[in-house]
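Q: Handing you this structure, nothing more for now.
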Amino acid sequence: MSSKSVINAASKNADYDLTIFNVKIANVYTKELLNGYICIKNGFISHVDFDSSSELPASSRYYDGKGKIAAPGFIDTHMHIESSMMNPVNFANVALPHGTTTAVCDPHEIANVAGIKGIEYMIENSKSTPMDLLYVAPSCVPSAVGVETAGASFGGKEIKEILEMDGVIGIAELMDYPGVVSGDSRMMEIVEEAHKKNVFIQGHAPLLSGSRLSAYISSGARSDHEVRTYEEAMEKLRLGVVLECRESSGAKNIPELAKAVIQCGFPPNATLCTDDRDAGDLLVEGHLDQVARSAVLNGIPPIETLKMITLNAASWLRLHDRGAISPGLRADIVLIDDFEKFNVDEVFVLGNLVAKGGKMISPATSFDLEFEKTNSMRLDKLDKSNFAFDLPDGNYKMKIMSIDPDVTYLTTLETIDVDVLDGYVDINDTDLVYLAVFERHNIDKTSSLCLLRNSGISHGAVASTISHDCHNLVVIGKSIDDMVISANTLIECGGGVAVSADKRILSVIELPIGGIMASKSAEELIPEINHTKTTIKSLGFRGAPIMQIATLSLAVLPYVRLTNLGLVDVSKQKVIPLV
2 MSSKSVINAA
12 SKNADYDLTI
22 FNVKIANVYT
32 KELLNGYICI
42 KNGFISHVDF
52 DSSSELPASS
62 RYYDGKGKIA
72 APGFIDTHMH
82 IESSMMNPVN
92 FANVALPHGT
102 TTAVCDPHEI
112 ANVAGIKGIE
122 YMIENSKSTP
132 MDLLYVAPSC
142 VPSAVGVETA
152 GASFGGKEIK
162 EILEMDGVIG
172 IAELMDYPGV
182 VSGDSRMMEI
192 VEEAHKKNVF
202 IQGHAPLLSG
212 SRLSAYISSG
222 ARSDHEVRTY
232 EEAMEKLRLG
242 VVLECRESSG
252 AKNIPELAKA
262 VIQCGFPPNA
272 TLCTDDRDAG
282 DLLVEGHLDQ
292 VARSAVLNGI
302 PPIETLKMIT
312 LNAASWLRLH
322 DRGAISPGLR
332 ADIVLIDDFE
342 KFNVDEVFVL
352 GNLVAKGGKM
362 ISPATSFDLE
372 FEKTNSMRLD
382 KLDKSNFAFD
392 LPDGNYKMKI
402 MSIDPDVTYL
412 TTLETIDVDV
422 LDGYVDINDT
432 DLVYLAVFER
442 HNIDKTSSLC
452 LLRNSGISHG
462 AVASTISHDC
472 HNLVVIGKSI
482 DDMVISANTL
492 IECGGGVAVS
502 ADKRILSVIE
512 LPIGGIMASK
522 SAEELIPEIN
532 HTKTTIKSLG
542 FRGAPIMQIA
552 TLSLAVLPYV
562 RLTNLGLVDV
572 SKQKVIPLV
């Protein structure tokens, strides 16, 4: 900011670049709606006048707000662009018209595939959009050491390098919470680098409570977007944890968390976030505006909701140049025509009108980057033998994964009797399916196989390289033939999601950028995504299609997961034998 020009314009109350008038200004400090106008100079707010009857000052341009509410631009405190399946530019073209002017992005998805080069790609691609896409250094590459294989591995050295990059402002979620609590050397190295640079640390501690939670918070990890219950929210709010209330494509946590926010009197340590949203949900439902609508529907007043996604968010992220309509702050402003519904009409970034009526004025375009041409599927084609248990014929007590029918993001460990013949178990007439994970980064070429209960799949198979967080190749299915076909389809096209039944491909989303993103627009991707979701559901899958399959290998979600190294007891962070 050129402070001198902003100060001079305000001192003379003249020579502004833009004045937005005829608006109700949403004051997130006093929680008022006040008639007035906003004067902008060199991209920053120079003067705010709450007397709508006063004469407008001299300005190069005037913009009539037509009685709408002028609010600070929305700030998403925690999200992963890769979950949209779009690159940063195409993501921003969808999210920005919905009022999100700043997003703090954790690029650990692409980092787990391509390491530091993946982060450099995200930052470079982000330069083409007016949306302020800021980044945090991924702490979970891999998400859990020793129980899975990623395409890279970050310790203190790598985190130090990333923190020096332009636009990196903190440390991303410490997903390895068992490692943090136990004082794991890698996690302590990462925490130490954060303290050296005096940057914030984002948290990830589902179900952690009591003294173990205190140990985790003591590391400096002072936020959590994984909270799902009122009781957990209350405990964490009371301890000063920033409650990042989430509504993603797969997790709808606002109804429970809103109760805690209301009970605590709308505390300053509560924000909203999107975490993971695919292109279809972004275009149809919206971005942070949709999360705000959910908050209002669940009893949080609009002005309190707005404060959560502006002032509260900016304070937590130490972004002291935004988050309110106040002199000296960035002129990131949204005009809302229905406060209850958070209907965003116009969006200004640094005083420039960039979106109107839900569309970009001039959609940003990305330039070709060499990284996008790299095939990340470093895996030979598979055959039926790759989906057979390495066990002699016989009867076994076999450990399996089971999806909790009531809380589908939870998986538990069960032991069942099975007969193995030629490497296979007869799963016909059961609620069991095969689940396999193949390391695809050409690091150790490992793979694993188990049985899964309660998926609902009755036929066919789904293969996906969207598989948090290492993004290895995950294949789930009732038919071994279809598992082979869907997996090989992705190996050929560079990754994505493929669905097969009756030995033929029914649907494919091709994601050649790291196997998790495409350079397509939302409008181009959505038909593929919707068709694939519908097709997965037609197989009988009960959970959120794509998103839930993507977490079956996430080794930090309770209580048991399958990685390329085998069945993992998440709480103990140990691979456990099948038999």
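Just so we're aligned, residue 2 is where the sequence shown starts under the working numbering, counting upward by one. The C-beta atom is built at its ideal place from N, Cα and C for all residues, glycine as well. A quick note: this is a predicted structure, and the numbers were derived from the prediction, not measured.
In the DSSP output, which residue or residues are listed as bridge partners for residue 73?
A: Counting from one through the sequence shown, the residue named residue 73 turns up at place 72. The beta-bridge partner set that DSSP reports for residue 73 consists of 334.
Q: May I have the straight-line CA-CA distance separating residue 223 from residue 131, to the nearest angstrom?
A: For the purposes of this step, residue 223 is identified with residue 222 of the sequence shown, where counting begins at 1. For the purposes of this step, residue 131 is identified with residue 130 of the sequence shown, where counting begins at 1. Residue 223 and residue 131: Cα-Cα distance of roughly 29 Å.
Q: Is residue 569 buried or exposed, if buried means 16 or more other CB atoms sit within 10 Å of its CB?
A: Sequence index remark: in the sequence shown, residue 569 carries index 568 (1-based). So residue 569 counts as buried.
Q: What runs of the beta strand (DSSP E), each 3 residues or longer, lie entirely inside the region 444–492?
A: The region 444–492 contains these whole beta strand (DSSP E) runs: 448–454, 462–465 and 474–478.
Q: For a quick check, are the C-beta atoms of residue 378 and residue 514 less than 8 Å apart?
A: Position 377 of the sequence shown, counting from 1, holds the residue named residue 378. Position 513 of the sequence shown, counting from 1, holds the residue named residue 514. No, Cβ-Cβ distance for residue 378 and residue 514 is not below 8 Å.
Q: Out of 153, 494 and 404, which has the shortest C-alpha to C-alpha gap to residue 140?
A: For the purposes of this step, residue 140 is taken as the residue at position 139 of the sequence shown. Here the closest residue by C-alpha is 153.
Q: For the beta strand (DSSP E) that contains residue 353, what are its first and last residues?
A: Numbered from 1 along the sequence shown, position 352 holds the residue referred to as residue 353. Element bounds for residue 353: 353–357.
Q: Taking the DSSP output, what are the residues bridged to residue 48?
A: Position 47 of the sequence shown holds residue 48. Residue 48 pairs with 40.
Q: Evaluate contact between the region 460–474 and the region 417–424, counting only Cβ atoms and requiring at least three cross-stretch pairs below 8 Å.
A: For the pair of segments examined, the region 460–474 was found not to touch the region 417–424: the number of CB pairs separated by less than 8 Å stays below three.
Q: So what does DSSP say about residue 81, is it helix, strand or coil?
A: Start at 1 with the first residue of the sequence shown, and residue 81 comes out as number 80. Residue state, collapsed to three classes: coil.
Q: Check whether the region 550–569 and the region 400–420 are in contact - that is, three or more C-beta pairs closer than 8 Å.
A: yes
Q: Below 8 Å, can you find three or more Cβ-Cβ pairs linking the region 365–384 to the region 119–130?
A: Yes, since at least three Cβ pairs between the region 365–384 and the region 119–130 fall closer than 8 Å, the two stretches touch.
Q: What is the DSSP secondary structure of residue 282, counted as helix, strand or coil?
A: Numbered from its first residue, the sequence shown carries residue 282 at position 281. Helix at residue 282.
Q: Would you list the one or two residues that DSSP bridges to residue 265?
A: As a position in the sequence shown, residue 265 is number 264, starting the count at 1. Partner(s): none; residue 265 has no beta bridge.
Q: Mapping DSSP to helix, strand and coil, what is residue 439?
A: What you label residue 439 is simply residue 438 of the sequence shown in a count that begins at 1. Note: residue 439 maps to strand in three-state DSSP.
Q: As a quick exercise: from 79, 235 and 497, pick the residue whose alpha carbon is nearest that of residue 273.
A: Locating residue 273 in the sequence shown gives position 272, where the first residue counts as 1. Comparing Cα positions, the closest option is 79.
Q: Less than 7 Å separating the Cβ of residue 198 from some heavy atom of the ligand MG?
A: Absence of the ligand MG is noted for the structure shown, with no ligands found whatsoever.
Q: Out of curiosity, what's the CA-to-CA distance linking residue 339 and residue 97?
A: Along the sequence shown, one-based indexing puts residue 339 at 338. Along the sequence shown, one-based indexing puts residue 97 at 96. Rounded to the nearest angstrom, the two C-alpha atoms are 18 Å apart.
Q: Tell me whether residue 60 sits in a helix, a strand or coil according to DSSP, three-state version.
A: The count along the sequence shown starts at 1 and reaches residue 60 at position 59. In this structure, residue 60 counts as strand in the three-state DSSP scheme.
Q: How do the region 8–24 and the region 54–61 stand: do at least 3 beta-carbon pairs fall below 8 Å, yes or no?
A: yes
Q: DSSP three-state call for residue 134: helix, strand or coil?
A: Counting from one through the sequence shown, the residue named residue 134 turns up at place 133. Shown here, residue 134 sits in a strand according to DSSP, grouped into three states.
Q: Going by other Cβ atoms of all chains shown within 10 Å of its Cβ, with 16 needed for buried, is residue 282 buried or exposed?
A: For the purposes of this step, residue 282 is identified with residue 281 of the sequence shown, where counting begins at 1. Under this definition residue 282 is a buried residue.
Q: Taking 7 Å as the limit between beta carbons, can you name the residues of its chain near residue 118, skipping five residues before and five after?
A: Sequence index remark: in the sequence shown, residue 118 carries index 117 (1-based). Contacts found: 372.
Q: Using only CA atoms, which one of 542, 528 and 460 lies nearest to residue 504?
A: Numbered from its first residue, the sequence shown carries residue 504 at position 503. Ranking the options by Cα distance to residue 504, first place goes to 460.
Q: Please identify the residue among 312, 266 and 320 whose C-alpha is closest to the C-alpha of residue 301.
A: Position 300 of the sequence shown, counted from the first residue, corresponds to residue 301. Considering only alpha carbons, the answer is 266.
Q: Where residue 433 and residue 143 are concerned, what is the direct C-alpha to C-alpha distance, given to the nearest angstrom?
A: The residue you call residue 433 lines up with position 432 of the sequence shown. The residue you call residue 143 lines up with position 142 of the sequence shown. Going from the Cα of residue 433 to the Cα of residue 143 covers about 29 Å.
Q: For residue 577, count the other beta carbons within 10 Å of its own beta carbon; 16 or more makes it buried, fewer makes it exposed. Which is it?
A: Indexing the sequence shown from 1 puts residue 577 at position 576. Exposed: under 16 other Cβ atoms inside 10 Å.
Q: Hey, residue 277 and residue 87: beta-carbon distance below 8 Å or not?
A: Residue numbering aside, residue 277 sits at position 276 when the sequence shown is read from its first letter. Residue numbering aside, residue 87 sits at position 86 when the sequence shown is read from its first letter. Not in contact: residue 277 and residue 87 (Cβ atoms no closer than 8 Å).
Q: Which of the three DSSP states, helix, strand or coil, is assigned to residue 376?
A: In the sequence shown, the residue the question calls residue 376 occupies position 375. If DSSP states are grouped into helix, strand and coil, residue 376 belongs with coil.
Q: Using the DSSP secondary-structure output, state which residues sit across from residue 508 in a beta bridge.
A: Walking along the sequence shown from the start, residue 508 turns up at place 507. For residue 508, which the question treats as bridged, DSSP gives the partners 500.
Q: What residue range does the beta strand (DSSP E) around residue 562 cover?
A: Reading the sequence shown from its first residue, position 561 is the one you call residue 562. Taken as a continuous stretch (DSSP letters only), the beta strand (DSSP E) holding residue 562 covers 561–564.
Q: Once you ignore the five residues that flank residue 240 on each side, which residues in its own chain have a CB closer than 8 Å to its CB?
A: Counting from one through the sequence shown, the residue named residue 240 turns up at place 239. Once the five neighbours on either side are set aside, the close Cβ partners of residue 240 are 214, 215 and 218.
Q: Could you spell out the range, first to last residue, of the alpha helix (DSSP H) harbouring residue 549?
A: Sequence index remark: in the sequence shown, residue 549 carries index 548 (1-based). Careful: residue 549 lies outside any alpha helix (DSSP H) and carries neither H nor E.
Q: What do you get for residue 395, buried or exposed, if any count of 16 or more other CB atoms within 10 angstroms of its CB means buried?
A: Taking the sequence shown and counting its residues from 1, the one referred to as residue 395 is at position 394. Answer is exposed; the Cβ neighbour count stays below 16.
Q: Going by alpha carbons, who is nearest to residue 374 out of 4, 518 and 182?
A: Start at 1 with the first residue of the sequence shown, and residue 374 comes out as number 373. It is 518.
Q: Rounded to a whole number of angstroms, what is the C-alpha to C-alpha distance between residue 572 and residue 188?
A: Here the question's residue 572 lines up with position 571 in the sequence shown. Here the question's residue 188 lines up with position 187 in the sequence shown. Distance between the alpha carbons of residue 572 and residue 188: 16 Å.
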